[in-house]
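**Q** Taken in sequence, the protein lines are chains E, P, U and A. Per this note's numbering, the first sequence starts with residue 1, numbered consecutively. Per this note's numbering, the second sequence starts with residue 1, numbered consecutively. Per this note's numbering, the third sequence starts with residue 1, numbered consecutively. Per this note's numbering, the fourth sequence starts with residue 1, numbered consecutively. Below is one structure. I have some questions about it.
4 protein chains.
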Amino acid sequence: MNPPSESPADIDRSDPESEVAARAAAYRNWGRWGHDDVLGTLNFIDAAKRREAAGLVRQGEVISLSQAFDTDGPQRGWRRRTNPVHTMTDTGVDAERGNQGFPHGIGGADDVIAMPLQCSTQWDGLGHIFDHGMAWNGRRAGDVVTSEGDLVTGIEHAAAAIVSRGVLLDVGAHLRPDDAELPDGYAISAAELDDCAAAQGVSVGRGDIVLVRTGRLARARREGWGEYAGGPSAGLSLTTAGWLHRSEIAAIATDTWGFEVRPNEFDAPSFQPLHQVVIPNIGLTIGEMWDLDALAVSCRARRRWDFLLSAPPLPITGAVGSPINPVAVF
Amino acid sequence: MNPPSESPADIDRSDPESEVAARAAAYRNWGRWGHDDVLGTLNFIDAAKRREAAGLVRQGEVISLSQAFDTDGPQRGWRRRTNPVHTMTDTGVDAERGNQGFPHGIGGADDVIAMPLQCSTQWDGLGHIFDHGMAWNGRRAGDVVTSEGDLVTGIEHAAAAIVSRGVLLDVGAHLRPDDAELPDGYAISAAELDDCAAAQGVSVGRGDIVLVRTGRLARARREGWGEYAGGPSAGLSLTTAGWLHRSEIAAIATDTWGFEVRPNEFDAPSFQPLHQVVIPNIGLTIGEMWDLDALAVSCRARRRWDFLLSAPPLPITGAVGSPINPVAVF
Amino acid sequence: MNPPSESPADIDRSDPESEVAARAAAYRNWGRWGHDDVLGTLNFIDAAKRREAAGLVRQGEVISLSQAFDTDGPQRGWRRRTNPVHTMTDTGVDAERGNQGFPHGIGGADDVIAMPLQCSTQWDGLGHIFDHGMAWNGRRAGDVVTSEGDLVTGIEHAAAAIVSRGVLLDVGAHLRPDDAELPDGYAISAAELDDCAAAQGVSVGRGDIVLVRTGRLARARREGWGEYAGGPSAGLSLTTAGWLHRSEIAAIATDTWGFEVRPNEFDAPSFQPLHQVVIPNIGLTIGEMWDLDALAVSCRARRRWDFLLSAPPLPITGAVGSPINPVAVF
Amino acid sequence: MNPPSESPADIDRSDPESEVAARAAAYRNWGRWGHDDVLGTLNFIDAAKRREAAGLVRQGEVISLSQAFDTDGPQRGWRRRTNPVHTMTDTGVDAERGNQGFPHGIGGADDVIAMPLQCSTQWDGLGHIFDHGMAWNGRRAGDVVTSEGDLVTGIEHAAAAIVSRGVLLDVGAHLRPDDAELPDGYAISAAELDDCAAAQGVSVGRGDIVLVRTGRLARARREGWGEYAGGPSAGLSLTTAGWLHRSEIAAIATDTWGFEVRPNEFDAPSFQPLHQVVIPNIGLTIGEMWDLDALAVSCRARRRWDFLLSAPPLPITGAVGSPINPVAVF
């Protein structure tokens, strides 16, 4: 069998089933880190990589890569994905009025949140996506994620895993120097990822966390959310699956809702085919809705595209994703 | 006026109002970073401190300092503080059964959480506590935190602030070599903090984030949660306020529910008097319910007590606290 | 002082403050049921009225007046008003797969909901609206509703109160025989309420619960939610406040989001002026987003417009509103 | 095959599987109301029964049978069953302080709730319990209740169904005249239900909703919640399944957490065997945690034990249960 094409033009737009299956078979990492593995490609981050990452800190500057977790966020309620609902159980207004019943003049404010774990800047855990009823590492999906949560690969297992070298690929600026924003539906190819890295003069290798900026969030910031969550967007082509596999990166994140190009690259009904290849088969952790705009400005100014990236998930027992505030340290 | 005593034995147990007021007046930092400040002592973290912190990374090892965010956590429902309620909106069981309606064999799992922001490992934001109706930097509490949230000092302002040098003070092990667990109600003094640092051979200074281990969580782990959330515990004495002020640390965190000693050091009705001094007056960010046990083991084995600490909050708009997964990198 | 006009044409559209204040003063019921009252006009429902209502049951038929509490409901997230988020903590798919760990073949499904209390068919409680900082019966708003909830007039006090004679006024059909739908912005006047009742041959009196159908929900059902929640709609004119007062009805409900006409009847900035008059001043309980369409069809067919109405709120401690499923029994 | 015994003493305490299976087979109503049925025994309520019920209203008095939906309710967090978390998104304290930004002096309070649907007074829907992977009417459990909710027998189908004649059986008072409270673990038999009805002079028949008072809630009210939710309690014996079937009642409710006796009547591991018989097999709707104490006092004073009962569920799409405020009208 020939290896799957890495050119978006070669996709058979009528046959997502085969296009997905070929890549799932070609890039499957099941068993690579043992039968009990719960981390997938996060295993590529080793101590040496972390030392390298820490060595990238020269100015002592920090940039947050998180969007605001905000009631006015991008979600529209699709599949019960609301924006965060943040409410107060005590406030300063109460404290000032003196109705809290506390002694010696102390007053307090407390708060509560209800939110989908994928409502804003986030990691997709390994239990987030299945391929024909199979989860990461060849487990049956129903053995992994029940109504109790992800019993096997819950995001809590990655609590100490996600500190590494980060590399920004500003594909938006690379391909569109004028406005640094790719058009909706633009499928980024493996060759373009390589070209962008080369143009920036940065390498990508084992254990790195790659951040791909498309400019989609910049547009939403300018024009309003519109269909940012779930609608059209530039993103990675299904044909990048090979690149994602052989580069041995630990994780990847984008400034878009769904990481891969939307609409997907098929005329037949399809939904997030690249997710289907990379999460359950490659074991790749994916970040979505990251804010890479300030980072891009900073990298360009510094002429440096790599940094220490610290992006640990909240260890929510059994979660298939986690809200995060990733920070890049220079 | 004499400076407030730093000896716990000197506290007038009948007069929390005066004991708090004296320390609030003595250590108040209002205006120190300008009238618009929203960060308080986090301002002590500068680029040099972060470079120093990154320089502490030698092995490339990471330790998570977060407890599990778990439905079986310590909360008892007091003041509507439940444990996280994590529910699935799609599961692997559904995917395997094929009821999700997705094409080409893709399946998915999604989840939702409802939780108090202070239910587990967390930062208290500057809007969390008030002193006689006043919030950090001399603002009226009711101008800062309304039912809409913290309109001024919301935790989102600290999104890029909390990466610094961390220093563990294992006071539990220092004072109780046998079991490394302080008894409930034990009020740690300023002198004991200094002694512990000296014994460990580590310095504490401007911009550091100090982690104080009491052993309270270790006991809960062994005996069950019991009253871990809100009940008796060792913790900092009210008389440490001066130490917390003059050390110019950026933040402090403990392995207990409430950071300060419980019951509080008064016979008269009292509630969290040290909070009342340090949050609205000093502008100190406080961490609670951190898991410092693995860190302590690691530090002891390395004979090193400082490390790179990355603990950015989730930038939840207007929140007065944030769940976090702090990581120590060696 | 002349009584306020009951003609919508007389409203001074530049002066909501005065138009509201005149009606608040004219119709204020404070003290009418004693200083401790927590029920307002619900006090008009007496035993005789309930016996009359039960006597209206002749066929033994029930019609639910509730919309579905549905994730695809009308809410858009404004002021954190989402649609209900209903999630499962156990499912039949799990039970069938046998992963629940229960003995002897029993399986179960459980569920959780998160929702604004005003997201769908509902009662507004007496603590829902204030007039210049004053709540129902002349209490200070801040003494009544704190972050702890409504400490005085919480909806739980009405748990056994809201069973009475219901009267439907199908104003939509009365004024628009062709399509039974009033246009957006149509302000229903007191005279039109009386005309509609007369045309239908039904009386309205003390203790009745009046249901006013505008046709707004029928249109949303046909065209999609659009701006059903918060947008333009027919509804009661501010000038009906006198009618609402002197009729001595116990409560009123409509098939619209906000009961009163939207946009409100002012050119100057305004927001729900009729609420401001009737809830804190008259003490009137208001129902919103009721489904009156099947009821209207049924009433017309029966040539009867009154019925037993049972619409008790959920006794949520301290709530300022409640989701309900009102039932009409014929 | 002999019919299953209706004497609690005959239960083989070592064999829940067989004891359940025998009763499931003997009393199964699958197909009785057609293959599409979604209401089960609620079908027994007909127009004549409702007319009879309305005819019971003589005094025009209403009693609520709902417990408070309260943050200090009975739940302990088991299986993510918390008490309701009710929070305010706007308050009177805010309104009085004038920070809401509304014109002409209007202020408002709004609120949000997060709660398990089975946290307090409730109906169990037909999708709540399964028997060996089968749901009501012989459907596969996984075809009925997925992560999307109950796609077939959701509680919304009963929106207009549950208004009928209610009959209180105060078994607590009948068997324990002194304190009207049955001891924990007391299994009420079919004979005792009949005896109680006879002693009270009330009949039970087709379409009635039977309310069984054990006194368990009265004790919790006196002693504190303790293990009210999930712990020991009097309740119906498994052997009442035949009575529940042949009486052709529409629904049943008790003042206990779980309707049937706790601990269950087996030495072998068991869990809610009567649920397993009556919900998926008989199609019986069950009410739990009703407050029957004021009702019992009232019935005894009136020497009348039947009344109009209105207890419609909230029509939450796909819910397997619903919080309710049932009202009895005399």
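We put the CB at the ideal spot given by N, CA and C, even for glycine.
Going along chain E in order, which residues have a C-beta closer than 7 angstroms to the C-beta of phenylalanine 259 of chain P?
**A** Counting from 1 along the second sequence, the entry for residue 259 of chain P is found at position 259. Ordered by position in chain E, no residue passes the 7 angstroms Cβ test against phenylalanine 259 of chain P, which lies about 13 angstroms from the chain.
**Q** When you compare the stretch 309-321 of chain E with the stretch 215-223 of chain P, are there three or more beta-carbon pairs, one atom per stretch, that lie closer than 8 angstroms?
**A** no
**Q** By alpha-carbon positions, which one of P:Trp225, P:Ala187, P:Val278 and P:Glu227 ends up nearest to arginine 213 of chain P?
**A** Stepping through the second sequence from its first residue, residue 213 of chain P is reached at position 213. Out of P:Trp225, P:Ala187, P:Val278 and P:Glu227, P:Ala187 has the C-alpha closest to the C-alpha of arginine 213 of chain P.
**Q** For leucine 274 of chain P versus threonine 41 of chain P, is the C-beta spacing smaller than 7 angstroms?
**A** Position 274 of the second sequence, counting from 1, holds the residue named residue 274 of chain P. Position 41 of the second sequence, counting from 1, holds the residue named residue 41 of chain P. Against a cut-off of 7 angstroms, the Cβ pair of threonine 41 of chain P and leucine 274 of chain P comes out as no contact.
**Q** Locate the beta strand (DSSP E) running through glutamate 265 of chain E, then write down its first and last residues.
**A** Against the first sequence, residue 265 of chain E aligns to sequence position 265. Element bounds for glutamate 265 of chain E: n/a, residue is neither H nor E.
**Q** Can you give me the Cβ contacts of glycine 215 of chain P inside the same chain, cut-off strictly under 8 angstroms, excluding the 5 residues immediately before and after it?
**A** Within the second sequence, numbered from 1, the residue matching residue 215 of chain P stands at position 215. Within the same chain, glycine 215 of chain P has close Cβ partners Gly172, Ala173, Arg176, Asp179, Ala180, Glu181, Leu182, Ala234 and Asp255.
**Q** Measuring CB atoms only, is the stretch 53-68 of chain A touching the stretch 156-167 of chain A, in the sense that at least three cross pairs come out at less than 8 angstroms?
**A** yes
**Q** According to the Cβ coordinates, are isoleucine 45 of chain P and glycine 207 of chain P closer than 7 angstroms?
**A** Start at 1 with the first residue of the second sequence, and residue 45 of chain P comes out as number 45. Start at 1 with the first residue of the second sequence, and residue 207 of chain P comes out as number 207. Yes, the Cβ-Cβ distance between isoleucine 45 of chain P and glycine 207 of chain P is below 7 angstroms.
**Q** Any chance the stretch 111-121 of chain A sits against the stretch 12-24 of chain A, with 3 or more Cβ pairs inside 8 angstroms?
**A** Not touching, per the Cβ criterion.
**Q** Looking only at C-alpha atoms, which of E:Gly60, E:Trp30, E:Leu314 and E:Pro269 sits nearest to serine 18 of chain E?
**A** Numbered from its first residue, the first sequence carries residue 18 of chain E at position 18. Serine 18 of chain E has its Cα closest to that of E:Pro269, out of E:Gly60, E:Trp30, E:Leu314 and E:Pro269.
**Q** With 7 angstroms set as the bound, which would you pick, yes or no: does the beta-carbon of alanine 21 of chain P sit closer than that to a beta-carbon of chain U?
**A** Numbered from 1 along the second sequence, position 21 holds the residue referred to as residue 21 of chain P. Answer no: the Cβ-Cβ gap between alanine 21 of chain P and chain U never drops below 7 angstroms.
**Q** Suppose the cutoff is 8 angstroms on Cβ atoms and the five residues either side in sequence are ignored; what does the same chain contact list for alanine 159 of chain P look like?
**A** Within the second sequence, the letter at position 159 stands for residue 159 of chain P. These residues qualify, in order along the chain: Pro312, Pro313 and Pro315.
**Q** Would you identify the three-state DSSP class for leucine 42 of chain E, choosing helix, strand or coil?
**A** As a first step, residue 42 of chain E must be located in the first sequence, where it is residue number 42. Note: leucine 42 of chain E maps to helix in three-state DSSP.
**Q** Should threonine 71 of chain A and tryptophan 290 of chain A be called a contact, given that it needs their Cβ atoms to be closer than 7 angstroms?
**A** Here residue 71 of chain A refers to the residue found at position 71 of the fourth sequence. Here residue 290 of chain A refers to the residue found at position 290 of the fourth sequence. No. Outside cutoff.
**Q** Do alanine 197 of chain P and tryptophan 243 of chain P have their beta-carbon atoms positioned less than 7 angstroms apart in this structure?
**A** Within the second sequence, the letter at position 243 stands for residue 243 of chain P. Within the second sequence, the letter at position 197 stands for residue 197 of chain P. 7 angstroms or more divides the Cβ of tryptophan 243 of chain P from the Cβ of alanine 197 of chain P.
**Q** Does serine 296 of chain E come within less than 7 angstroms of chain P when only Cβ atoms are used?
**A** Along the first sequence, one-based indexing puts residue 296 of chain E at 296. Contrary to the premise, residue 296 of chain E reads as alanine rather than serine in this sequence. No, because no Cβ of chain P sits closer than 7 angstroms to the Cβ of alanine 296 of chain E.
**Q** Which residues, in chain order, does the stretch 90-114 of chain A contribute to contact with chain P at a C-beta distance below 7 angstroms?
**A** Listed in sequence order: Asp90, Thr91, Asp94, Arg97, Asn99 and Ala114.
**Q** Identify every residue that forms a DSSP beta bridge with histidine 86 of chain U.
**A** Along the third sequence, one-based indexing puts residue 86 of chain U at 86. Beta-bridge pairing links histidine 86 of chain U to U:Ile113.
**Q** Terminal residues of the continuous alpha helix (DSSP H) containing valine 171 of chain P?
**A** Stepping through the second sequence from its first residue, residue 171 of chain P is reached at position 171. Taken as a continuous stretch (DSSP letters only), the alpha helix (DSSP H) holding valine 171 of chain P covers 171-175.
**Q** To which residues of the same chain is arginine 200 of chain U closer than 6 angstroms at the C-beta, ignoring the five residues directly before and after it?
**A** Here residue 200 of chain U refers to the residue found at position 200 of the third sequence. Residue identity check: residue 200 of chain U is glutamine in the sequence provided, not arginine. Cβ neighbours of glutamine 200 of chain U beyond the five flanking positions: Trp305.
**Q** Does threonine 82 of chain P have its Cβ less than 7 angstroms from a Cβ in chain U?
**A** The residue you call residue 82 of chain P lines up with position 82 of the second sequence. For threonine 82 of chain P, the nearest beta carbon of chain U is not closer than 7 angstroms to its own beta carbon.
**Q** Just to confirm before moving on: does the CB-CB distance between glutamate 227 of chain P and phenylalanine 259 of chain P stay below 7 angstroms?
**A** If you number the second sequence from 1, residue 227 of chain P lands on position 227. If you number the second sequence from 1, residue 259 of chain P lands on position 259. For glutamate 227 of chain P and phenylalanine 259 of chain P, no; Cβs fall outside 7 angstroms.
**Q** State yes or no: is the C-beta of glycine 92 of chain A within less than 7 angstroms of the C-beta of glycine 149 of chain U?
**A** Residue 92 of chain A sits at position 92 when you count from the first residue of the fourth sequence. Residue 149 of chain U sits at position 149 when you count from the first residue of the third sequence. No, these two residues do not count as a Cβ contact at 7 angstroms.
**Q** From this set, P:Met88, P:Pro263 and P:Ser64, which residue's C-alpha is nearest valine 85 of chain U's C-alpha?
**A** Here residue 85 of chain U corresponds to residue number 85 of the third sequence, with the count starting at 1. Comparing Cα positions, the closest option is P:Met88.
**Q** Please list, in chain order, the chain U residues whose beta carbon lies closer than 9 angstroms to that of alanine 319 of chain A.
**A** Mapped onto the fourth sequence, residue 319 of chain A falls at position 319. Neighbours of alanine 319 of chain A on chain U, chain order: Phe69, His86, Asp111 and Ile113.
**Q** Taking Cβ positions, are glutamine 59 of chain A and cysteine 119 of chain A nearer each other than 7 angstroms?
**A** Along the fourth sequence, read from residue 1 onward, the residue named residue 59 of chain A stands at position 59. Along the fourth sequence, read from residue 1 onward, the residue named residue 119 of chain A stands at position 119. Not a contact, by the Cβ cut-off of 7 angstroms.
**Q** Work out the CA separation of aspartate 184 of chain E and tryptophan 123 of chain A for me, nearest whole Å.
**A** Here the question's residue 123 of chain A lines up with position 123 in the fourth sequence. Here the question's residue 184 of chain E lines up with position 184 in the first sequence. Roughly 48 angstroms between the two C-alpha positions.
**Q** Going by DSSP in three states, proline 323 of chain E sits in which element: helix, strand or coil?
**A** Working through the first sequence from its first residue, we reach residue 323 of chain E at position 323. Strand, per DSSP.
**Q** Secondary structure at glutamine 200 of chain A, three-state DSSP: helix, strand or coil?
**A** Locating residue 200 of chain A in the fourth sequence gives position 200, where the first residue counts as 1. Helix.
**Q** If we require 4 or more residues per run, which alpha helix (DSSP H) segments fall completely within the stretch 90-146 of chain P?
**A** 92-97 and 141-144
**Q** Hey, phenylalanine 271 of chain E and isoleucine 279 of chain P are a contact pair by Cβ (cut 8 angstroms); roughly how many whole angstroms apart?
**A** Taking the first sequence and counting its residues from 1, the one referred to as residue 271 of chain E is at position 271. Taking the second sequence and counting its residues from 1, the one referred to as residue 279 of chain P is at position 279. Actually they do not touch by this definition, with Cβ atoms about 47 angstroms apart.
**Q** Which whole-angstrom value describes the C-beta separation of glycine 108 of chain A and isoleucine 129 of chain U, a residue pair presumed to lie in contact below a C-beta threshold of 8 angstroms?
**A** Here residue 108 of chain A corresponds to residue number 108 of the fourth sequence, with the count starting at 1. Here residue 129 of chain U corresponds to residue number 129 of the third sequence, with the count starting at 1. Indeed, because the Cβ distance is near 5 angstroms, the residues count as touching under 8 angstroms.
**Q** Which residues, in order along the stretch 121-145 of chain P, keep a beta-carbon less than 7 angstroms from a beta-carbon of chain E?
**A** Gly127, His128, Ile129, Phe130, Asp131, His132, Gly133, Ala135, Arg140, Ala141, Gly142, Val144 and Val145
**Q** Grab the span of the beta strand (DSSP E) containing serine 310 of chain E for me, first residue to last.
**A** Locating residue 310 of chain E in the first sequence gives position 310, where the first residue counts as 1. Segment 306-310, the beta strand (DSSP E) holding serine 310 of chain E.
**Q** For histidine 104 of chain U, tell me which candidate among A:Ala47, A:Ser147, A:Ala24 and A:His157 has the shortest Cα-Cα distance.
**A** Looking up residue 104 of chain U in the third sequence gives position 104. Among A:Ala47, A:Ser147, A:Ala24 and A:His157, the Cα nearest to that of histidine 104 of chain U is on A:Ala24.
**Q** Going by DSSP in three states, serine 18 of chain U sits in which element: helix, strand or coil?
**A** The count along the third sequence starts at 1 and reaches residue 18 of chain U at position 18. If DSSP states are grouped into helix, strand and coil, serine 18 of chain U belongs with the helices.
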